[in-house]
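K.L.:
The structure's right below; bear with me while I get my questions together.
Number of protein chains: 2
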Amino acid sequence: MNKFFKTSNTALRLFNRSVQLPAPTQRVRQLAGSIESTDESGRLLEGVVTSPANYVPLTPISFLERAADVFRDRTSVVFGSCVKYTWEETHSRCLKLASALVQLGISRGDVVAALAPNVPAMQELHFAVPMAEAVLCTLNTRLDSSMVAHLLKHSEAKIIFVDQQLLQVAQQALSLLSKDKIKPPILVLIPEYENSSPTNDIHEYENLLSSGSSNFTIRLPKSEFDPISINYTSGTVSSPKGVVYNHRGAYLNSISTFLCHGMGPMPSYLWTLPMFHCNGWCMIWGMAALGGTNVCLRNVSAKNIFESISLNKVTHMSAAPIILSMMANSSPNDRKPLPHKVEIMTGGSPPPPQILSKMEQLGFGVSHGYGLTETYSAATICFWKPEWDSLPLEERAALKSRQGVQHLCIEKVDVRDPETMEKVPADGKSIGEIVCRGNTVMSGYLKDAKATEEAFRGGWFHSGDLAVKHPDGYIEIKDRLKDIIISGGENISTLEVERVLYSHPAVVEAAVVARPDDQWGQTPCAFITLKEGFDEITEQEIINFCRDHLPRYMAPRTVLFEDLPKTSTGKVQKFILREKAKALGSLFSTEKISAASC
Amino acid sequence: MNKFFKTSNTALRLFNRSVQLPAPTQRVRQLAGSIESTDESGRLLEGVVTSPANYVPLTPISFLERAADVFRDRTSVVFGSCVKYTWEETHSRCLKLASALVQLGISRGDVVAALAPNVPAMQELHFAVPMAEAVLCTLNTRLDSSMVAHLLKHSEAKIIFVDQQLLQVAQQALSLLSKDKIKPPILVLIPEYENSSPTNDIHEYENLLSSGSSNFTIRLPKSEFDPISINYTSGTVSSPKGVVYNHRGAYLNSISTFLCHGMGPMPSYLWTLPMFHCNGWCMIWGMAALGGTNVCLRNVSAKNIFESISLNKVTHMSAAPIILSMMANSSPNDRKPLPHKVEIMTGGSPPPPQILSKMEQLGFGVSHGYGLTETYSAATICFWKPEWDSLPLEERAALKSRQGVQHLCIEKVDVRDPETMEKVPADGKSIGEIVCRGNTVMSGYLKDAKATEEAFRGGWFHSGDLAVKHPDGYIEIKDRLKDIIISGGENISTLEVERVLYSHPAVVEAAVVARPDDQWGQTPCAFITLKEGFDEITEQEIINFCRDHLPRYMAPRTVLFEDLPKTSTGKVQKFILREKAKALGSLFSTEKISAASC
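Here it is, written out as structure tokens:
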């Protein structure tokens, strides 16, 4: 008999199961004031209990509760000269908003949608909605009304908060729902803070908030696995899927990002990353943990960014590569000296050497990570080793462009054969799929058990991204699983081919897909949009250029000049191009060559 | 019907209970490859699952697993010139040690004890023991053999790892157990790294480790609430209690400390804080999360500290106030210039202004926190506000000496009336008890359900410390419910000292209180009433008697013979004695020694 685990016979049988229980299994009984704790197998933990004194579900709501006390008089959010709240004020406003939501009929598990840029209301919604035990669904501000309608229908949103500037899109979406005999959600208008005039409409944000009570009792999640938000994927390969986050994952991912980036108490954080994107990489919640200041910016321009950094003594920001490019290429007149080194987290595509170099000259530190909506944002970070500092720029850029090593709170990120789940050799050459598992992987796809099961097959989340692992353990992405071209048994990364195409002076946009081939299996087929004034360029010139910069087998065999089909969020719809390439038929079977070259 | 929660009637009844479930309640079934998840109330979460892909119990073991990959070639531990391992090596050694423990018969929930200073084996034991699903019990190196025997008996330790220099104490303890017909634990000798000679004894640390396999499959906890360690309290009011930590709490507390102190990746951390103390404030685990370097030091002296900081480019350390005092008062010859600002976390008693000022001059940053063994170490931190920088030293010291505001991962720290549990007004005057709740509060006292229940009454952990809350929300301790003495960073139970005094044939009555001391913070001061006919007994005889029966640091340094002031019900009025002891002034400052010896 062991002092921790007293086992009954029945319990022993359960306990001896070799499978690891995938969830905490403690049942807790509170009996007449005494607390006793057993786990699923009936083992009694002697003197060891689970009680309200030592257990509380993990939730980012706790961050705000604490910030209201610990960081009470520090600035929580600032928006130009219109808005500036302390953490105490933010807390009070969130309580009122949560209370108002409940008064509007919101209850456990209801969805509240938001369609807004990085305005202060977005921060408040991230806390107020979960405080009402509801689920926040932030929509991409670049969606068109039919997609907004589709997502409102799919998520069954009861309320939608809409920024004044996006009102028309939202109203059209609600009309579409009405036409389909679907009861549209209540629309609450977030006025333009910059120039709003008072209204009496209860469905105006500030009026609604005022109708609530700051004595509202927060409805903490029953379980930390309860949903906190839905983030729809952009739908590059299929219709958008609703990625469900839970309280536990949101809590842990906020923390993980800060620890990986060495962020300490009271940072000043500039929002250029959209808050609707993976809930601002969960940092919109996390800023409450650090007592940081959320610096909001409606119009993202280099001038605005530099001004805001200077004014708000910004210490950190996250930015898409296009923002880095905008800042690096900005006019010196638009720039201001930095108050201190500003750390930028970037993701998506790796920062090119020229941009990296320029940003460093300007006084920024840039770190690069990788993740997906399904992993609550970053799953890896390219940790910079001090010994790399002295390398030449090109080498540093190459090292920094790698997706890196796993984040802290995700259990494991690996590169494996997607079928056998065997690890690929860490040789920098063998391609496998990036797979992940851990507490910062989504709860699943809303109302899509089949897709969830498919994504989680074998106990791992399958990213669909193909990568190699370098001998030092750093991961580097080569292509999307669906995009990779296999020609004569060789893997061809479409990303690598596209990179070369983009370096051609005549090319504005390029996308490469597989064209089926009788002889080679597949061959690369490039779709290109040319810059104005380069209409004379020929297919062969492009092919030759690629052959000069790539192994011959990787160079496109087919080049088509045309506009690229895109989603509303601006991502190229490769599946349409793939259909086009397929329709061309095989290149290398004699009778079709002439047709394919037309 | 709500898309997240499909509720049956029965489920609804459970769901509508107003009490918050105090533990995660998801049951998970894996059915023929598909994963379905319901919570206790039977609600089906549509498309939302808990699976090995998105759930893993929180455990610090994950930190090491990741460090072995992400920080593989960075230094994990360094000990003088004898030991230097990378994280990959540490990982491999821990696997071997865990494997060897299992070979020795260790299984789930078994206790493995350790009696050693800050040597590398202590780091390895912190991971290897939990990897074998066992529980680590680190003992205070200043305990005497009878206390060691008592704690080994109470914890039912199966193995004890002992540092060469503490071998005699351990062997005496094992003899005591044998005399009591209790099977003693297996003793494994940790040799002195500095000058060890090879032996063939399997129960020598390196031999034992070599007998294990680095292919060992880690036994992850079945539940994150499983115990990971036991830390015995010093036993101020009763015999020592075994504070049980769980994997979840250890994971969260490691992270919390780093975030509160703004510690980022790859710090160099100097160990002067004993690793046996709250598992080194959980930082011995946490260093793996950051990929930091553990700089070990057997003999803590100012010269050694400054040398080690310089040699190992130390960035952070934790230190008891006595260490700060030692450093501040060190001879300039013993000092070395710091490589950069070194951040020191301190706790216990607040840093006095002179020490604080001196340490700042020397290039250290000092932050102050408060916690208990029961809260996995720090529960509060005295966050420094930038606007305080410009205040005069005395004011800054007064602000810094406060215990501060709550840590990140503890849910709530408050000052309340211990009976009514009502908050005291935040007026800096009203005294209440510091109470805490959250995930970084212990699982309970081992084999002491009654004490656990008492400590957790009303759903809060009762600290026994009396404090006020200032208008800015910062907590300041005013007194202790238990009349504890803190001498050189060690807690001394006045009851234990009194028990020994009462065992002296000449003593009628005895009471022990703290006497303030410039060097030690406090020293024990005994007030004694002698039996008739024993008038000739001297102060030194009493002190010698205590030294024969107690660890030397616990013996009184001052003894006064007089009648004890009492309440009408006959209870000794310790507050009066405390005033008297205070009036004596410091013992260990030259001019007062003669007066104190009167």
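Chains as they are written, first to last, in the numbering used here: chain A, 1 to 598; chain B, 599 to 1196.
A virtual CB, placed ideally from N, CA and C, is assigned to each residue, including glycine.
Quick caveat, the model's predicted, so the values are computed rather than measured.
Does the contact criterion of 3 or more C-beta pairs under 8 angstroms hold for the stretch 359-378 of chain A versus the stretch 269-289 of chain A?
P.N.:
yes
K.L.:
Identify whether A/T346 lies in helix, strand or coil by the three-state DSSP scheme.
P.N.:
In this structure, A/T346 counts as strand in the three-state DSSP scheme.
K.L.:
Answer with yes or no whether the minimum CB distance from A/R402 to chain B is below 7 angstroms.
P.N.:
no
K.L.:
Taking 7 angstroms as the threshold (beta carbon to beta carbon), is B/W1058 in contact with chain A?
P.N.:
yes
K.L.:
Let me know the secondary structure DSSP gives A/T373 once reduced to three states.
P.N.:
helix
K.L.:
Does the beta carbon of A/I284 come closer than 7 angstroms to any beta carbon on chain B?
P.N.:
no
K.L.:
Cβ of A/K469 less than 7 angstroms from any chain B Cβ?
P.N.:
So, not an interface residue.
K.L.:
To the nearest whole angstrom, what separates the beta carbons of B/A730 and B/L765, a pair I think is in contact under 8 angstroms?
P.N.:
The Cβ separation is near 24 angstroms, so there is no contact.
K.L.:
Could you name each continuous alpha helix (DSSP H) segment of 4 residues or more that falls completely within the stretch 254-335 of chain A, going from the start of the chain to the end?
P.N.:
278-281, 283-290, 302-312 and 321-328
K.L.:
Taking buried to mean at least 16 other C-beta atoms within 10 Å of its own C-beta, is B/D1146 buried or exposed?
P.N.:
exposed
K.L.:
So that I know if they touch, is there some Cβ in chain A lying closer than 7 angstroms to that of B/N813?
P.N.:
no
K.L.:
Quick one: does A/V342 have its CB under 7 angstroms from some CB of chain B?
P.N.:
No, no contact with chain B.
K.L.:
Run the CB neighbour count on A/K400, radius 10 Å, all protein chains shown included, and call it buried at 16 or more, exposed below.
P.N.:
buried
K.L.:
If you draw a straight line from the C-alpha of A/A599 to the C-alpha of A/S349, how long is it?
P.N.:
An answer regarding residue 599 of chain A cannot be provided, because it is not within the stretch 1 to 598 covered by chain A.
K.L.:
Shorter than 7 angstroms from the beta carbon of B/S660 to some beta carbon of chain A?
P.N.:
With 7 angstroms as the cut-off, B/S660 counts as an interface residue toward chain A.
K.L.:
Using the three-state DSSP reduction, which class does B/E1094 fall into: helix, strand or coil?
P.N.:
helix
K.L.:
Kindly identify the DSSP beta-bridge partner or partners of A/D479.
P.N.:
A/L466
K.L.:
Quick check: the Cα distance between B/I800 and B/N897, rounded to an integer number of angstroms?
P.N.:
Straight-line Cα distance between these residues: approximately 28 angstroms.
K.L.:
Using a Cβ-Cβ cut-off of 8 angstroms (strictly less than) and excluding sequence neighbours within five positions of A/I593, which residues of its own chain qualify?
P.N.:
Because A/I593 sits at a pLDDT of 40, beneath the cut-off of 50, its placement in the model cannot be relied upon, and the point is left open.
K.L.:
Kindly indicate which three-state DSSP category B/C680 falls into: helix, strand or coil?
P.N.:
Three-state DSSP puts B/C680 in coil, outside helix and strand.
K.L.:
Assuming contact is defined by CB atoms lying nearer than 7 angstroms, are B/P1122 and B/K1180 in contact in what I supplied?
P.N.:
no
K.L.:
Which residue from A/G47, A/R557, A/S62 and A/G488 puts its Cα closest to that of A/W285?
P.N.:
A/S62
K.L.:
Using a Cβ-Cβ distance under 7 angstroms, would B/G969 count as near chain A?
P.N.:
For B/G969, the answer is no, since every Cβ of chain A falls outside 7 angstroms of its Cβ.
K.L.:
Any idea what DSSP makes of A/K341, helix, strand or coil?
P.N.:
coil
K.L.:
When you compare only the Cα positions, how much space is there between B/Y867 and B/L857?
P.N.:
15 angstroms
K.L.:
DSSP state of B/A977, grouped into three classes?
P.N.:
Strand.
K.L.:
Pull the bridge partners of A/K412 from the DSSP assignment, please.
P.N.:
Paired residues: A/R437.
K.L.:
By the 10 Å Cβ neighbour count, where 16 or more other Cβ atoms means buried, how is A/Q522 classified, buried or exposed?
P.N.:
buried
K.L.:
Can you grab the Cα-Cα spacing for the pair B/L1044 / B/V1098, in whole Å?
P.N.:
26 angstroms
K.L.:
Should B/E581 be flagged as near chain A, meaning a C-beta pair shorter than 7 angstroms?
P.N.:
Since the first residue shown for chain B is 599 and the last is 1196, residue 581 of chain B is missing from the structure and cannot be characterised.
K.L.:
Near A/A426, what residues of its chain come up, given a Cβ to Cβ distance below 6 angstroms and the 5 sequence neighbours on each side ignored?
P.N.:
Within the same chain, A/A426 has close Cβ partners K469 and P471.
K.L.:
Note down the Cα distance separating A/S155 from A/V111, rounded to an integer number of angstroms.
P.N.:
So the alpha carbons of these two residues sit roughly 7 angstroms apart.
K.L.:
Could you tell me the distance, in whole angstroms, from the CA atom of B/T684 to the CA atom of B/F814?
P.N.:
Distance between the alpha carbons of B/T684 and B/F814: 19 angstroms.
K.L.:
Could you name the residues that DSSP lists as bridge partners for A/V244?
P.N.:
A/I230 and A/G444
K.L.:
Under three-state DSSP, which class holds B/H966?
P.N.:
strand
K.L.:
Could you name the residues of chain B that A/T86 contacts, counting a contact when the two beta carbons are closer than 8 angstroms?
P.N.:
Those do not exist, as A/T86 stays about 13 angstroms from chain B at its closest Cβ, beyond 8 angstroms.
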